[in-house]
Amino acid sequence: MRLATAVCGAMGVSLLVLAGCSDSDQPMLMNLAAQEREPDEFGILPTRPLEMPTDTAELPEPTPGGVNRADPEPRGDIAVALGGSRAAATASAVPTTDQPLLAHASRFGRSAGIRDQIAAEDLEFRQRNRGRVLERLFSVNVYHRAYRVMALDRYAELERWRARGVRTSAAPPDPAAD
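Counting in this note's numbering, the sequence shown runs from 400 upward without gaps.
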């Protein structure tokens, strides 16, 4: 009897030790193990064909970590395919036609480091909501349960707008009301 109790206790302790082990500081709420083992075929972008310039003196000086002439430029390629300019698509400045939209969107101010701030807050939230020990051990998906508090109830929001007198003719009726 004591041996069985000792074995069960040792198995329980080893289970807790294994569950506490983690290979990353960032919690994985989705726990999609298949994505970690296989290459992402959508992450591979084909390069342009290599071309030999007429004069090699025209080639720019190589820069470590810089761009390559054969590297894809998705924004520029799309702009050219739609009849636009590659230079305008790859420029970082906001086009003059979008300036009023940018002014209206930032009328209450904007934070330059908002992406870094949101990423840090989300990492902290994910660390607090990693899931229970057995959920982490067996790679159970806890993403939807963790973010449930941030989900928008579309029917409650629809009723809120309708109560304000806003026409929502394109919105479907609430199936619970039937």
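We put the beta carbon where it would ideally sit given N, CA and C, even for glycine.
query	result
Inter-residue Cα distance where the pair is Ala502 and Asp454	46 Å
Counted within 10 angstroms of its Cβ, other Cβ atoms place Arg535 as buried (16 or more) or exposed	buried
Continuous alpha helix (DSSP H) assignments of at least 4 residues falling wholly in the region 493–552	498–504, 513–527, 532–536 and 542–545
Arg559, DSSP secondary structure in three states	helix
Local conformation of Ala433 per DSSP, three classes	With a pLDDT of only 44 at Ala433, under the threshold of 50, the placement of this residue in the model should not be trusted; the figure read from the coordinates follows. Note: Ala433 maps to helix in three-state DSSP.
Distance CB(Arg474)-CB(Ala486) smaller than 8 Å	no
CB of Glu446 within 8 Å of CB of Pro463, strictly	With the sequence shown as reference, residue 446 is identified as Thr, and Glu is not the correct amino acid for it. No. Outside cutoff.
Residue span of the alpha helix (DSSP H) that contains Val479, given as start and end	Pro473 to Ala480
Separation of Ala480 from Glu457, as counted between CA atoms	27 Å
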